[in-house]
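Undergrad: Let me give you the structure first, and then I'll get to my questions.
Number of protein chains: 2
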Amino acid sequence: MTESVSPLPERGPTGRRTAKGSLAGKSGSRVERPAPLRQVVYDALAELIINRTLEPGQHLVEADLAEYLGVSRQPVREALQRLQSEGWVDLRPAQGAFVHLPTDEEADQLLGVRAVLETHSARLAAACATDEDIKRLWELQDVGMKALAADDGERLVAANADLHSYITELTGNAVLSELIGLVDRRVRWYYTPIARPRGRDAWQEHAALIEAIAAHNVDKAEKIMAQHTERTRRAFHERPGASE
Amino acid sequence: MTESVSPLPERGPTGRRTAKGSLAGKSGSRVERPAPLRQVVYDALAELIINRTLEPGQHLVEADLAEYLGVSRQPVREALQRLQSEGWVDLRPAQGAFVHLPTDEEADQLLGVRAVLETHSARLAAACATDEDIKRLWELQDVGMKALAADDGERLVAANADLHSYITELTGNAVLSELIGLVDRRVRWYYTPIARPRGRDAWQEHAALIEAIAAHNVDKAEKIMAQHTERTRRAFHERPGASE
DNA sequence: TCCCGGGATTTTGCATACCAAAACCTGTAT
DNA sequence: ATACAGGTTTTGGTATGCAAAATCCCGGGA
Numbered sequence: 001m002t003e004s005v006s007p008l009p010e011r012g013p014t015g016r017r018t019a020k021g022s023l024a025g026k027s028g029s030r031v032e033r034p035a036p037l038r039q040v041v042y043d044a045l046a047e048l049i050i051n052r053t054l055e056p057g058q059h060l061v062e063a064d065l066a067e068y069l070g071v072s073r074q075p076v077r078e079a080l081q082r083l084q085s086e087g088w089v090d091l092r093p094a095q096g097a098f099v100h101l102p103t104d105e106e107a108d109q110l111l112g113v114r115a116v117l118e119t120h121s122a123r124l125a126a127a128c129a130t131d132e133d134i135k136r137l138w139e140l141q142d143v144g145m146k147a148l149a150a151d152d153g154e155r156l157v158a159a160n161a162d163l164h165s166y167i168t169e170l171t172g173n174a175v176l177s178e179l180i181g182l183v184d185r186r187v188r189w190y191y192t193p194i195a196r197p198r199g200r201d202a203w204q205e206h207a208a209l210i211e212a213i214a215a216h217n218v219d220k221a222e223k224i225m226a227q228h229t230e231r232t233r234r235a236f237h238e239r240p241g242a243s244e
Numbered sequence: 001m002t003e004s005v006s007p008l009p010e011r012g013p014t015g016r017r018t019a020k021g022s023l024a025g026k027s028g029s030r031v032e033r034p035a036p037l038r039q040v041v042y043d044a045l046a047e048l049i050i051n052r053t054l055e056p057g058q059h060l061v062e063a064d065l066a067e068y069l070g071v072s073r074q075p076v077r078e079a080l081q082r083l084q085s086e087g088w089v090d091l092r093p094a095q096g097a098f099v100h101l102p103t104d105e106e107a108d109q110l111l112g113v114r115a116v117l118e119t120h121s122a123r124l125a126a127a128c129a130t131d132e133d134i135k136r137l138w139e140l141q142d143v144g145m146k147a148l149a150a151d152d153g154e155r156l157v158a159a160n161a162d163l164h165s166y167i168t169e170l171t172g173n174a175v176l177s178e179l180i181g182l183v184d185r186r187v188r189w190y191y192t193p194i195a196r197p198r199g200r201d202a203w204q205e206h207a208a209l210i211e212a213i214a215a216h217n218v219d220k221a222e223k224i225m226a227q228h229t230e231r232t233r234r235a236f237h238e239r240p241g242a243s244e
């Protein structure tokens, strides 16, 4: 099989040509592409973990998951590996996947990093938001206020995520967006229990933040976001049931 | 096969018990564990990408890589997916993996995020560094100065990475470390061409940074790191061959 | 009773083989 | 040139087999 170390078959200097037609950058609606199975499995498992069907610490057996989801082991393995790289499961060599056990310390670290990234994000957003962006922000704010009035915890968390994520996208920094996306999704796992008590204050702070962004006041936006995320962090530590 | 949707076989409330013997936390030297093949493949491919054996934009065919590395397609697929999640390759659905084409814009975004994270990291490090940590920092600084004197570009980049990474670890924030690790490894890809000209100044700034950390002057450490990373960013834009 | 040890069992990690669908390439007819 | 048709390549997924490692279980000895 390995008679000689073949020198990586050449396929032309740049591989297949990058298709760069006259429509480059049009960002038109792509042809609908069926989601890869590994992605479906990833979403399904993430959902099961978030809603606690799969409990922290539980051992996830590839074959069981595969049977449960009606797929083969391969997409399950691939999904598990991605779940590991994003902190949802721990993959112990030769032992398999275990649902990650969140600790208070880790939550604090996550909230700390989130604070830094979101703060920087707010500054950038304030610098480059258009009138249309501001309009959209107020719409998202409205959704949140309605969820607050309805006392709907789940919708509250979702609305909060949407608002923060939109601000993140405003920065135009894809790397930053992606990173915050990763961190925020994990934060949300810990965040749910304090979403309701924190709600009233949080959404008032959101309003002030949007005003600062609308005014393109970068320093103020940065400061408000720093306070906002720091208070969320504090709220987490003072939640009922916090250790110490 | 899928006669009935089996309800995820129960394996006890918390899965397998966590083996917590009397040696917990000893951090003794683990039994040598042969690296998983997917990890070896990951490292090999990352190396090939970094040293430009695999050129940006090149199409990576699973079967070819597998044969070249003498393994089956499975570990190659898994490695490619991790490489994607860390930004080294782009996985186009139904087309496969292509070595990521770095753009100046992306490099700038990466350097921006890095600046934010490293700056925060410096502040935390200054707050909690021990005398032993300081000693180690000066050792790492020394390694860098020697590489500088020897005009060894590769060692210079490595030393720079080591120093920054050690500061990161000082924070005691594992989440932060991991994130910076991801960003820094990608930055290094872009950074290599400017390592040499930037060297002299950079290592002088490092010295000032270590002094600030040693004095536990958090504000000063933060400020120096902010300047340091911002200057690196500027150096990148003013490098020979930069587009505009 | 509790600890210890060895064999049976389970599970991972990887290899191999196979296949459908999608994307690509090519040559021909327009 | 452009468009189309057919052949080829490559992915994404399935199924299966197997060695090594980890776990579990059970029975014997202190």
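Protein sequence lines, in the order shown, are assigned to chains F and E. Going by full-length UniProt numbering, the first sequence opens with residue 1, and the numbers climb by one from there. Going by full-length UniProt numbering, the second sequence opens with residue 1, and the numbers climb by one from there. Every residue, glycine too, gets a C-beta built ideally from N, C-alpha and C.
#1: For a contact meaning CB atoms closer than 9 Å, what does residue 82 of chain E contact in chain F?
#2: Could you work out which residues of chain F lie near residue 227 of chain E, taking near to mean beta carbons separated by less than 8 Å?
#3: With DSSP collapsed to three states, give me the class of residue 152 of chain F.
#4: Helix, strand or coil for residue 59 of chain F? Go by DSSP, reduced to three states.
#5: Which residues in the same chain have their Cβ closer than 8 Å to the Cβ of residue 176 of chain F, if we skip the five residues on either side of it in sequence?
#6: Quick one: what does DSSP say residue 181 of chain F is sitting in, helix, strand or coil?
#7: In chain E, which residues lie less than 7 Å from residue 120 of chain F when you measure between Cβ atoms?
#8: With 8 Å as the limit, tell me which residues of the stretch 69–80 of chain F have their beta carbon closer than that to any beta carbon of chain E; keep them in chain order.
#9: If you check the beta carbons only, do residue 88 of chain E and residue 144 of chain E fall under 7 Å apart?
#10: Note down, in chain order, every chain E residue with its Cβ under 8 Å from the Cβ of residue 66 of chain F.
#11: For the beta strand (DSSP E) containing residue 101 of chain E, name the first residue and the last one.
#12: Evaluate contact between the stretch 43–58 of chain E and the stretch 98–112 of chain E, counting only Cβ atoms and requiring at least three cross-stretch pairs below 8 Å.
#13: Taking C-beta pairs closer than 8 Å, name the residues in chain F that residue 106 of chain E reaches, listed in chain order.
#14: I'd like to check one pair, residue 72 of chain F with residue 79 of chain F: are the Cβ atoms closer than 7 Å?
#15: What are the residues that DSSP puts in a beta bridge with residue 92 of chain F?
#16: Tell me which residue opens and which closes the alpha helix (DSSP H) that residue 235 of chain E is part of.
#17: CB residue 183 of chain E to CB residue 114 of chain E, shorter than 7 Å?
#18: Counting only Cβ pairs nearer than 8 Å, list the residues of chain E close to residue 89 of chain F.
#19: Tell me, to the nearest whole angstrom, how far the beta carbon of residue 208 of chain F is from that of residue 156 of chain F; I am working on the premise that it is less than 8 Å.
#20: Out of E/222, E/215 and E/152, which one is the CA nearest neighbour of residue 193 of chain E?
#21: 7 Å is my cut-off, CB to CB: does residue 39 of chain F come that close to chain E?
#22: Spell out whether any CB of chain E is found under 7 Å from the CB atom of residue 110 of chain F.
#23: Can you find at least 3 beta carbon pairs, one from the stretch 132–148 of chain F and one from the stretch 158–167 of chain F, that sit closer than 8 Å?
#24: What do you reckon, are the CB atoms on residue 199 of chain F and residue 148 of chain F nearer than 7 Å?
#25: Hey, quick one: how far does the alpha helix (DSSP H) through residue 75 of chain F stretch, first residue to last?
#26: Verify the CB distance criterion: does residue 17 of chain E have a CB-CB separation below 7 Å to chain F?
#27: Using the rule of at least 16 other Cβ atoms within 10 Å of the residue's Cβ for burial, across every protein chain shown, is residue 95 of chain E buried or exposed?
#28: Between the C-alpha atoms of residue 238 of chain F and residue 53 of chain F, what's the straight-line distance to the nearest angstrom?
#29: When you compare only the Cα positions, how much space is there between residue 21 of chain E and residue 92 of chain F?
#30: Would you mind stating whether residue 228 of chain F and residue 205 of chain F have Cβ atoms separated by less than 7 Å?
#31: So what does DSSP say about residue 53 of chain E, is it helix, strand or coil?
#32: With DSSP collapsed to three states, give me the class of residue 207 of chain F.
#33: Name, going along the chain, the residues of the stretch 178–198 of chain E whose beta-carbon falls closer than 9 Å to a beta-carbon of chain F.
#34: Does any C-beta atom of chain E lie closer than 7 Å to the C-beta of residue 113 of chain F?
#35: Closer than 8 Å by C-beta to residue 172 of chain E: which residues in its own chain qualify, once you throw out the five before and the five after it? Chain order, please.
#36: Consult DSSP for residue 8 of chain E and reduce its assignment to one of helix, strand or coil.
TA: Let's see:
#1: 81, 82 and 85
#2: Correct list: empty, because the minimum Cβ distance to chain F is about 16 Å.
#3: coil
#4: strand
#5: 117, 120, 121, 124 and 168
#6: helix
#7: 116
#8: 70, 74, 77 and 78
#9: no
#10: Chain E residues near residue 66 of chain F: none, gap ~11 Å exceeds 8 Å.
#11: Element bounds for residue 101 of chain E: n/a, residue is neither H nor E.
#12: yes
#13: 174 and 175
#14: no
#15: F/96
#16: 218–237
#17: yes
#18: Going along chain E, no residue has its Cβ under 8 Å from residue 89 of chain F, so there is no contact; the nearest lies around 12 Å.
#19: At roughly 18 Å, the Cβ-Cβ gap does not stay under 8 Å, so residue 208 of chain F and residue 156 of chain F are not in contact.
#20: E/152
#21: no
#22: yes
#23: yes
#24: yes
#25: 73–85
#26: Caution is warranted here: a pLDDT of 32 is assigned to residue 17 of chain E, below 50, making its placement in the model unreliable, and the coordinate value is therefore given only provisionally. So no, residue 17 of chain E is outside the interface.
#27: exposed
#28: 27 Å
#29: Bear in mind that the predicted position of residue 21 of chain E carries a pLDDT of just 33, short of 50, making it unreliable; the figure below should be weighed with that in mind. Each residue's Cα considered, the two are about 18 Å apart.
#30: yes
#31: coil
#32: helix
#33: 178, 179, 182, 183 and 186
#34: yes
#35: 124 and 128
#36: Low confidence applies to residue 8 of chain E: its pLDDT is 44, below 50, so where it sits in the model is not reliable, and the reading given next is rough at best. The answer is coil: DSSP assigns residue 8 of chain E none of H, G, I, E or B.
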